[in-house]
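Take the position in the sequence shown, starting the count at 1, then add 5; the result is the number in this note's numbering. Heads up, the beta-carbon is just placed ideally off N, CA and C, and yes, glycines get one too.
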Amino acid sequence: MKNSALQAPASRFVYVIVIVVALLQGLTLNATSDYLIRSSWQVPGSLVWLPMLLALFVPSVFSYLINRFSSAALWAGLLLTAVLCVWMNFWYLSEATAGHTRELSSLIPLMVLLFWLILPWFQLRQLSGSWNPDYALLTEQYVRNTVLGALAGLIGLLVMGMLFLAVYLFRIVNLEFLSDWLNDSLYFWMSFCLGFNISLVFIRTVFTFSTGKIAGYVARVLLPLLTVIGVIAAGGLLLSLVTGVRVSGLGSFTMIWFVSLNILLLNLVYGNECVPRFRSWLNGLVLAGVLLLNVFSLLSVYGILVRVNQYSWSIDRLYGFCIALFLAMVVLAYSAALLWKRSGWAVLLGAVNKAGLLILMAIILVISSPLADFKQITANSILAGIEKGRIKVTSDIRYTLEDLGKRGEAVLAMLNENPEYSKALTYSSYDQDNRRTLREVMLTVAGSPALPESWWEGKYDVTRAWFCTESSAGGECLGFMADADGDGQDDALVCVSGYSDLSFYCQIWQQATEVTDGQPDKQVWEERDYQDIQYASEEEKQAAWAALKAGHYSLKPKVWMMVVPEPEKGAEPEQAPEVIQEPATPAPLVIQP
């Protein structure tokens with residue numbers, strides 16, 4: 006790849022401007038990160054966070070683009086950055102307050118991704134004067150920007166760490182007035198911003214190194230390994246389908262990461278050149294892996310849609326679906342290029358990927374507009390799920406809808422018009438007053454006596470009973486009597502289902518006589534055994550549980566071994582303990598539904 010970063014070193018005047026911008030950035034970030042300062046501004050919540058967004062992105066874009074002030078791409082990039090910050094603030098933070106807003110945790114990464122996608126186009130416009138750069142240069146610039154940003158961030162942290170060190174060092178040598186003066190968040194913010202911006206401009210304009218080539222060589226090692234993993238996983242999926250063995254979960258987000266990493270490594274290895282990168286047999290394996298990516302990308306889309314059909318859309322599922330659908334389109338385009346051009350398929354990568362990058366930027370802008378209002382879509386989907394009976398109305402739904410702002414509040418108002426829903430919205434599964442007792446939820450086995458009153462009076466600890474008493478857990482408890490040890494007397498058994506898809510748990514109590522001096526003998530129940538019964542699939546476990554509820558079970562003996570100490574012949578212990586021989590207690594029986 007050709008190096009895209011050959012620029013003239015920045016002038017001293019540029020560094021002066023960068024220093025001023027960095028100081029203003031640190032001042033603004035310090036003010037917006039302090040709640041007391043934010044609340045003292047007396048401005049609407051929708052404007053409180055705008056200075057932070059502008060301070061985060063405008064100076065950073067300036068440091069990435071600045072080389073000469075006469076560059077039209079520089080001013081166009083800064084103007085676009087400011088406009089996007091204002092729009093994103095209006096769309097995502099319109100209902101924010103001066104306090105903490107959870108929207109920032111998703112908004113800032115989204116904006117970082119957006120500007121990471123946009124920056125190389127402006128940088129190459131500065132160098133070549135074209136808005137349609139060569140894809141190899143574009144790839145090089147993406148890698149270079151990532152490396153430079155990481156290095157500049159590390160240098161900024163080092164400068165801030167030096168200030169921390171100075172604060173404690175001055176305190177040790179009794180310069181407390183200087184230590185207290187420097188020990189202020191304002192100076193820490195400024196030190197980081199100065200270190201980040203100055204080092205970014207310096208490294209970007211002075212040093213030239215081919216980060217793309219380095220990343221390409223690393224990718225040549227990782228891509229075949231990732232392809233082998235994909236082939237093995239696809240083989241496991243095929244084997245599961247043929248044998249009918251249940252696939253353990255859909256793992257949509259795992260597949261999204263897998264497909265994304267494959268696409269990244271493919272671009273680092275091939276770029277848009279048709280030069281062979283591997284030996285013929287290995288190259289064939291890698292290209293077969295490209296076709297296999299269609300399976301994983303479509304499964305990720307399918308997995309998300311299955312969850313939506315079971316429950317409803319959510320903000321996370323909408324983001325995941327957009328990513329999965331975009332990756333599926335990219336992989337499909339790669340496959341079409343591979344089938345069309347075969348060995349020369351990489352020559353089409355540049356056009357496909359540039360179109361993909363522009364589409365990805367457009368997707369981010371669309372989901373940040375009324376065209377795809379994720380909050381409204383989620384609120385409508387939850388309401389539809391409630392009406393169809395897929396979603397149970399509880400206080401958890403109330404919290405979810407409240408997080409959606411005005412859209413969720415509108416749905417809550419509709420639900421509160423229904424007296425049943427209104428009452429359910431106040432129910433909290435964590436409120437002990439609302440939790441059901443074990444006796445209320447205990448089911449009996451058909452044809453078997455129920456648990457006796459004496460067992461209930463003992464208030465015995467039933468392991469995992471929470472899965473039955475907590476309505477949202479969806480578990481079941483069975484209590485019944487059976488002769489579990491074969492002594493002719495019924496024992497108390499409690500089995501719990503719902504904590505696992507592949508097993509259920511049973512406990513066994515046996516009646517015994519408790520003897521206390523001066524008190525009459527008392528009949529009590531003592532726990533004798535427990536069984537964790539495992540199954541190969543959820544369907545098999547459900548069938549066994551249904552059989553147990555219907556009374557279709559048998560009691561089969563366990564095989565227990567007895568420990569028999571055997572001293573060496575001729576060895577006599579100093580004092581042999583008295584051995585009292587008693588009849589062996591029969592081993593408890595195992596439940597076999």
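When you compare only the Cα positions, how much space is there between residue 78 and residue 84?
Indexing the sequence shown from 1 puts residue 78 at position 73. Indexing the sequence shown from 1 puts residue 84 at position 79. Between residue 78 and residue 84, the C-alpha separation is close to 10 Å.
Enclosing beta strand (DSSP E) for residue 431 [first to last residue]:
Counted from its first residue, the sequence shown places residue 431 at position 426. Note, residue 431: premise wrong, no beta strand (DSSP E); not H, not E.
Residue 500 - partner residues in DSSP beta bridges
The residue given as residue 500 occupies position 495 in the sequence shown. 483 and 511.
Name the DSSP beta bridge partners of residue 517, please?
In the sequence shown, the residue the question calls residue 517 occupies position 512. For residue 517, which the question treats as bridged, DSSP gives the partners 529.
Give the straight-line distance between the Cα atoms of residue 236 and residue 297, rounded to the nearest whole angstrom.
As a first step, residue 236 must be located in the sequence shown, where it is residue number 231. As a first step, residue 297 must be located in the sequence shown, where it is residue number 292. Straight-line Cα distance between these residues: approximately 8 Å.
Within the same chain, show all residues whose beta-carbon is closer than 6 Å to that of residue 527, passing over the 5 residues directly before and after it, in chain order.
Indexing the sequence shown from 1 puts residue 527 at position 522. So the qualifying residues of the chain are 519.
Which value, in whole angstroms, describes the spacing of the CA atoms of residue 120 and residue 173?
Within the sequence shown, residue 120 is the residue found at index 115, counting from 1. Within the sequence shown, residue 173 is the residue found at index 168, counting from 1. So the alpha carbons of these two residues sit roughly 38 Å apart.
Just verifying my parser: in three-state terms, what is the DSSP assignment at residue 562?
Residue numbering aside, residue 562 sits at position 557 when the sequence shown is read from its first letter. Note: residue 562 maps to strand in three-state DSSP.
Leaving out the 5 sequence neighbours to the left and right, which residues in its chain are closer than 7 Å to residue 487 when beta-carbon positions are compared?
As a position in the sequence shown, residue 487 is number 482, starting the count at 1. Here the set comprises 453, 495, 496, 498 and 560.
Alpha-carbon spacing of residue 10 relative to residue 157, whole angstroms
As a working mapping, residue 10 is identified with position 5 in the sequence shown. As a working mapping, residue 157 is identified with position 152 in the sequence shown. Residue placement at residue 10 is flagged as unreliable, the pLDDT there being 45, under the threshold of 50; a coordinate-derived value is accordingly withheld.
Is it the case that the region 358-374 contacts the region 320-336, given that we only count it when at least three CB pairs across the two stretches are under 8 Å?
yes
Touching or not, the region 293-311 and the region 260-267, by the rule of three or more beta carbon pairs under 8 Å?
yes
For the putative contact between residue 37 and residue 60, defined by C-beta atoms under 8 Å, what is the C-beta separation to the nearest angstrom?
Here residue 37 corresponds to residue number 32 of the sequence shown, with the count starting at 1. Here residue 60 corresponds to residue number 55 of the sequence shown, with the count starting at 1. Indeed they touch by this definition, with Cβ atoms about 7 Å apart.
Can you find at least 3 beta carbon pairs, one from the region 184-194 and one from the region 123-134, that sit closer than 8 Å?
no
Which stretch, first to last residue, makes up the alpha helix (DSSP H) that contains residue 411?
The count along the sequence shown starts at 1 and reaches residue 411 at position 406. Residue 411 -> alpha helix (DSSP H) spans 411-421.
For residue 484, does the count of other Cβ atoms within 10 angstroms reach 16, so buried, or fall short, so exposed?
On the sequence shown, residue 484 is found 479 positions in, with the first residue counted as 1. By the neighbour-count rule (16 or more Cβ atoms within 10 Å), residue 484 is buried.
Kindly give me the distance between the Cβ atoms of residue 335 and residue 355, rounded to whole angstroms, as I take these residues to be in contact under 8 Å.
On the sequence shown, residue 335 is found 330 positions in, with the first residue counted as 1. On the sequence shown, residue 355 is found 350 positions in, with the first residue counted as 1. With 8 Å as the limit, residue 335 and residue 355 do not qualify as a contact, their Cβ atoms being about 13 Å apart.
Going by the CB atoms, is the gap between residue 396 and residue 387 shorter than 9 Å?
The count along the sequence shown starts at 1 and reaches residue 387 at position 382. The count along the sequence shown starts at 1 and reaches residue 396 at position 391. Yes, these two residues count as a Cβ contact at 9 Å.
As an exercise, report each continuous alpha helix (DSSP H) stretch of at least 4 residues that is fully enclosed by the region 349-390, in chain order.
354-372
Segment contact flag, the region 194-206 with the region 61-68, C-beta cutoff 8 Å, min 3 pairs:
yes
How do the region 337-348 and the region 309-318 stand: do at least 3 beta-carbon pairs fall below 8 Å, yes or no?
no
Does residue 419 pass the burial test, meaning 16 or more other C-beta atoms within 10 Å, or should it be called exposed?
For the purposes of this step, residue 419 is taken as residue 414 along the sequence shown, with counting starting at 1. Residue 419 is exposed by the Cβ-count criterion.
Buried versus exposed call for residue 82 [16 or more other C-beta atoms within 10 Å across all chains shown]:
Here residue 82 refers to the residue found at position 77 of the sequence shown. Burial call: buried.
Cβ pair residue 295, residue 267 closer than 9 Å
Taking the sequence shown and counting its residues from 1, one reaches residue 295 at position 290. Taking the sequence shown and counting its residues from 1, one reaches residue 267 at position 262. Yes; because the gap between Cβ atoms is below 9 Å, this pair is in contact.
Hey, quick one: how far does the alpha helix (DSSP H) through residue 146 stretch, first residue to last?
If you number the sequence shown from 1, residue 146 lands on position 141. Looking at the DSSP string, the run of the alpha helix (DSSP H) that includes residue 146 is 140-177.
Just confirm the distance between the C-beta atoms of residue 390 and residue 198, as a whole number of angstroms; I'd bet it's less than 8 Å.
Mapped onto the sequence shown, residue 390 falls at position 385. Mapped onto the sequence shown, residue 198 falls at position 193. Not confirmed; about 46 Å, so no contact.
The alpha helix (DSSP H) spanning residue 267 covers which residue range?
The sequence position of residue 267 within the sequence shown is 262, counting from 1. Residues 257-275.
In the structure shown, what three-state DSSP assignment does residue 119 receive?
Taking the first residue of the sequence shown as 1, we reach residue 119 at position 114. It is helical.
By DSSP, does residue 192 sit in helix, in strand, or in coil?
In the sequence shown, counting from the first residue as 1, residue 192 sits at position 187. Three-state result, residue 192: helix.
Around the Cβ of residue 538, are there at least 16 other Cβ atoms within 10 angstroms (buried) or fewer (exposed)?
In the sequence shown, residue 538 corresponds to position 533, counting from 1. Flag for residue 538 reads buried.
Nearest to residue 428 by CA position, among 458, 353, 400 and 175, is which residue?
As a first step, residue 428 must be located in the sequence shown, where it is residue number 423. For residue 428, the nearest C-alpha among the options comes from 400.
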